[in-house]
Amino acid sequence: MSAAQPTPAAPAPADGPAVLEAEGLGVALGGQQILSGIDFTVRPGEVVALLGANGSGKSTLVRALLGIVPTDAGTVRLFGRPLGNGVPWNRVGYVPQRLPAATGVPANALEVVTSGLLTGRRLRPPRDARDRARAALEQVGLADKARRPVHELSGGQQQRVLIARALVRDPDLLVLDEPTSGIDIPTQQTFVDTVQRLHADGATILVILHELGPFTPLIQRALVLRHGRLVHDGAPPHARDEHAEPGHQHTHPHADPEPPGAGPTITIEVTP
Amino acid sequence: MTWLDQIITMLEWPLMQRALLAALLVGAAAPVVGTFLVQRRLALMGDGIGHVALTGVALGWLVGNWANLAQHDTLAVPGAVVAAIVGSVVIELVRERGRTSGDLALAIMFYGGIAGGVLLIKVAGGTNANLMAYLFGSISTVSGGDLWWTAALAVVVLGAGVGLRTALFSVSYDEEFARGSGLPVRFLNMLIATVAALTVTIAMRVVGLLLVSALMIVPVAIAQVFARSFGRTMALASAIGVAVSVVGLSVTYWQDYPPGATIVVLAILVYAIAVTLRPLIHRPTPHRDPHPDVPDDVLLATSARD
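So, in structure tokens, the structure goes:
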């Protein structure tokens with residue numbers, strides 16, 4: 609499907625107990641107040657985008673919601689339970705922005721995805737772990753790369769391994785941190801299709817985005833962060849009409865800003 | 004006497020039997036823990052624990068003296084176990100805090116461990132020579148009781164390292180994800196630290212505190228030359244650990260070499276050979292375009308100016 613089509617038959621957000629609740633949430637890291645006074649609720653079946661400039665606290669908010677970074681004010685509830693052992697962690701799937709840096713020990717895709725099956729107090733993988741990990745890799749189109757060390761895979765393939773690691777537990781809440789940054793357009797579309805399929809099955813999605821891009825038709829609601837505060841909670845922002853037209857050439861009509869005059873300059877003439 | 008007869012004679016000697024069994028257990032267990040440490044970028048942690056354990060050894064002597072025990076060193080190994088566990092937990096806490104100060108804190112702890120050991124052994128009425136057996140190993144003095152201790156601790160180490168390997172892998176590979184999955188990250192980190200401390204104390208008799216880390220790390224370095232997954236690396240490293248420990252120890256039956264150093268030098272030789280042979284063993288992948296075949300998402304400007 610192309611990005612311009614409307615969402616087909618997406619279930620409407622259902623009423624009922626909230627999947628995710630943040631109340632007066634504040635986070636301080638290294639003595640600096642990164643987030644303060646964050647209040648919002650995500651209901652079952654919603655697809656919510658979390659938008660904001662670099663450094664506005666998007667990733668920190670998501671990490672605080674999942675208990676990865678400590679909060680210093682307010683409360684977070686996942687599926688109605690305060691953060692901690694009571695949360696049904698097997699219903700939550702988190703897709704971080706990128707893989708951790710490679711270490712001396714290789715790990716293959718199957719092993720990384722299998723680690724996604726351990727949640728909460730489950731410290732040993734279930735019996736059918738291998739099959740489930742394979743199935744999750746198949747969902748993201750990496751079945752043939754299951755035995756490849758992940759650090760040998762391309763950036764887009766690594767991102768897909770991370771998604772498979774979250775999908776392997778069949779999450780009811782999927783939290784994605786800029787899943788399409790640095791990914792080519794065809795692969796972005798496969799992500800959107802995957803998220804779309806999960807959403808059609810009733811999953812709730814919270815996704816950090818830099819720009820709505822190919823996710824536009826899916827997003828039902830947007831949260832916008834600025835300087836660590838929630839400044840918008842409602843309809844997703846629309847691109848200016850002429851930008852949304854098919855065939856719109858996204859070149860800027862205005863002149864480029866004048867380069868700073870000071871200092872030595874180099875002029876390079878490029879001939880085609 | 005053929006070489007086979009010689010080996011049989013060696014195996015009939017009870018002292019050698021005990022030593023070989025200890026080497027086998029330590030050789031199997033140490034690389035399992037080492038695999039997690041390398042993955043956590045803590046390859047030198049075993050070294051640090053070893054330094055701290057020396058203070059424990061001396062402290063054990065001191066307490067043994069005060070208690071008027073017949074044998075001065077009865078409490079040396081328990082002392083080492085306690086100091087190693089305390090040391091590894093402190094290292095883990097420093098690591099958890101992160102940031103640069105951790106590096107310095109660790110260095111201070113390592114040197115404090117050695118200096119404390121040398122100082123305390125003097126206070127306890129011993130000499131530096133008493134520490135030598137612990138610093139460089141003394142596998143030939145392994146008694147039946149020692150062997151039971153080694154076996155029990157090796158079972159604990161292998162049980163935790165192999166039984167919980169997926170969970171320990173998860174927390175070592177991507178701690179943030181493990182935290183976001185609700186896993187008891189702190190417990191698992193402390194478990195790795197404690198298991199590393201136990202490994203140091205059981206390997207102390209075989210290779211000595213100064214070389215403990217080598218037996219944990221070098222087999223992993225050899226294994227990762229060939230293996231392409233975490234599970235394979237761990238299994239291969241453990242097998243290599245057993246092989247170099249048993250072969251290295253056997254060499255000292257015929258040659259009067261120090262066992263610990265022989266084992267470690269052997270392991271490093273194997274590593275050097277593995278790295279040299281790597282290009283021959285890894286067949287070059289068939290020549291094909293490694294780029295995926297996807298439609299271009301970049302429009303190339305073929306005629307920019309006309």
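Residue numbers (this note's numbering), protein chains in the order written: chain E, 609 to 880; chain V, 4 to 309. Backbone N, C-alpha and C fix where the C-beta goes; we use that ideal spot for every residue, glycine too. What you are looking at is a predicted structure, and each value in this text was computed from that prediction instead of being measured.
{"Query": "Have a look at alanine 618 of chain E and proline 652 of chain E and give me their C-alpha separation to the nearest angstrom.", "Result": "The predicted model places alanine 618 of chain E with a pLDDT of 47, which falls under 50 and marks its position as unreliable; any figure quoted below should be read in that light. One C-alpha to the other measures close to 13 Å."}
{"Query": "Between serine 175 of chain V and glutamate 719 of chain E, which are expected to be in contact by the criterion C-beta below 8 Å, what is the C-beta distance as a whole number of angstroms?", "Result": "Actually they are not in contact, since the Cβ atoms of serine 175 of chain V and glutamate 719 of chain E sit about 12 Å apart, beyond 8 Å."}
{"Query": "How is the alpha helix (DSSP H) around serine 146 of chain V delimited, first residue to last?", "Result": "Taken as a continuous stretch (DSSP letters only), serine 146 of chain V belongs to no alpha helix (DSSP H), as it is neither H nor E."}
{"Query": "Measuring only between beta-carbons, confirm whether valine 890 of chain E sits less than 8 Å from chain V.", "Result": "Absent from the model: residue 890 of chain E. The displayed extent of chain E is 609 to 880, so no value can be given."}
{"Query": "Going by beta carbon distance, what residues of the same chain come within less than 6 Å of glutamine 705 of chain E, once the five residues before and after it are set aside?", "Result": "Asp785 and Glu786"}
{"Query": "I'd like to check one pair, glutamine 828 of chain E with valine 655 of chain E: are the Cβ atoms closer than 8 Å?", "Result": "yes"}
{"Query": "Please state the DSSP three-state secondary structure of phenylalanine 687 of chain E.", "Result": "coil"}
{"Query": "Within 10 angstroms of the Cβ of glycine 120 of chain V, are there 16 or more other Cβ atoms? Answer buried if so, exposed if not.", "Result": "buried"}
{"Query": "Go to serine 762 of chain E, then tell me how far its beta strand (DSSP E) extends in each direction, as first and last residue.", "Result": "Where serine 762 of chain E is concerned, there is no enclosing beta strand (DSSP E), given that its DSSP letter is neither H nor E."}
{"Query": "Please look up how many angstroms separate the CB atoms of methionine 207 of chain V and tyrosine 137 of chain V, rounded, as I've assumed it's under 8 Å.", "Result": "6 Å"}
{"Query": "Taking C-beta to C-beta, are glycine 51 of chain V and leucine 122 of chain V nearer than 8 Å?", "Result": "no"}
{"Query": "What span of residues does the alpha helix (DSSP H) with phenylalanine 180 of chain V cover, start to end?", "Result": "178 to 183"}
{"Query": "Identify every residue that forms a DSSP beta bridge with phenylalanine 139 of chain V.", "Result": "Beta-bridge pairing links phenylalanine 139 of chain V to no other residue."}
{"Query": "Which residue from V:Gln74, V:Leu28 and V:Ile124 puts its Cα closest to that of serine 241 of chain V?", "Result": "V:Leu28"}
{"Query": "For glutamate 631 of chain E, report the span of its beta strand (DSSP E) as first-last.", "Result": "628 to 637"}
{"Query": "Name the chain E residues that come within less than 8 Å of serine 232 of chain V, Cβ to Cβ?", "Result": "Pro714, Ala715, Asn716, Leu718, Glu719, Arg755 and Pro757"}
{"Query": "Which residue from V:Gly82, V:Leu161, V:Ala31 and V:Ser184 puts its Cα closest to that of valine 55 of chain V?", "Result": "V:Gly82"}
{"Query": "Can you pull the chain V neighbours of proline 708 of chain E, defined as C-beta to C-beta under 9 Å?", "Result": "Tyr176, Asp177, Glu178, Glu179 and Phe180"}
{"Query": "So what's glycine 211 of chain V in DSSP terms, helix, strand or just coil?", "Result": "coil"}
{"Query": "Would you identify the three-state DSSP class for valine 834 of chain E, choosing helix, strand or coil?", "Result": "According to the sequence provided, residue 834 of chain E is arginine. The question's valine does not apply to it. DSSP places arginine 834 of chain E in strand when its eight states are reduced to three."}
{"Query": "Using 8 Å as the cut-off, can you tell me whether the stretch 755 to 770 of chain E makes contact with the stretch 735 to 742 of chain E, which would need three or more C-beta pairs spanning the two stretches below that distance?", "Result": "no"}
{"Query": "Going along the chain, which residues of its own chain have a beta-carbon closer than 6 Å to the beta-carbon of alanine 181 of chain V, five neighbours each way excluded?", "Result": "Ser173, Val174 and Val188"}
{"Query": "For the stretch 650 to 682 of chain E, enumerate the residues whose C-beta is nearer than 8 Å to any C-beta of chain V, in chain order.", "Result": "Arg671, Leu674, Gly675 and Ile676"}
{"Query": "Just to confirm the assignment, what range does the beta strand (DSSP E) spanning tyrosine 702 of chain E have?", "Result": "700 to 703"}
{"Query": "Of all the CB atoms in chain E, is at least one closer than 8 Å to the CB of arginine 44 of chain V?", "Result": "yes"}
{"Query": "Would you kindly work out how many angstroms separate the C-alpha atoms of isoleucine 642 of chain E and glycine 634 of chain E, rounded to a whole number?", "Result": "8 Å"}
{"Query": "Using only the alpha-carbon positions, how far apart do valine 35 of chain V and alanine 127 of chain V sit?", "Result": "36 Å"}
{"Query": "Is the Cβ of leucine 806 of chain E closer than 8 Å to any Cβ of chain V?", "Result": "no"}
{"Query": "So which of V:Val249, V:Ile88, V:Leu156 and V:Arg168 has the shortest CA-CA distance to alanine 238 of chain V?", "Result": "V:Arg168"}
{"Query": "Output the distance between the C-alpha atoms of tyrosine 183 of chain V and lysine 125 of chain V, rounded to the nearest integer angstrom.", "Result": "Here the sequence assigns glycine to residue 183 of chain V, which means tyrosine is not the residue at that position. If you take the alpha carbons of glycine 183 of chain V and lysine 125 of chain V, they lie about 50 Å apart."}
{"Query": "Shortest alpha-carbon distance to glycine 821 of chain E belongs to which of E:His840, E:Ser789 and E:Gly842?", "Result": "E:Ser789"}
{"Query": "So, is the C-beta of arginine 732 of chain E closer than 8 Å to a C-beta in chain C?", "Result": "No chain C is present in this structure, whose protein chains are E and V."}
{"Query": "So what's glutamine 797 of chain E in DSSP terms, helix, strand or just coil?", "Result": "helix"}
{"Query": "Pick from V:Ala46, V:Ala22 and V:Leu171: whose alpha carbon is nearest that of isoleucine 94 of chain V?", "Result": "V:Ala46"}
{"Query": "Counting only C-beta atoms, is valine 273 of chain V closer than 8 Å to chain E at any point?", "Result": "no"}
{"Query": "Determine whether the beta carbon atoms of valine 783 of chain E and valine 839 of chain E lie at a separation below 8 Å.", "Result": "no"}
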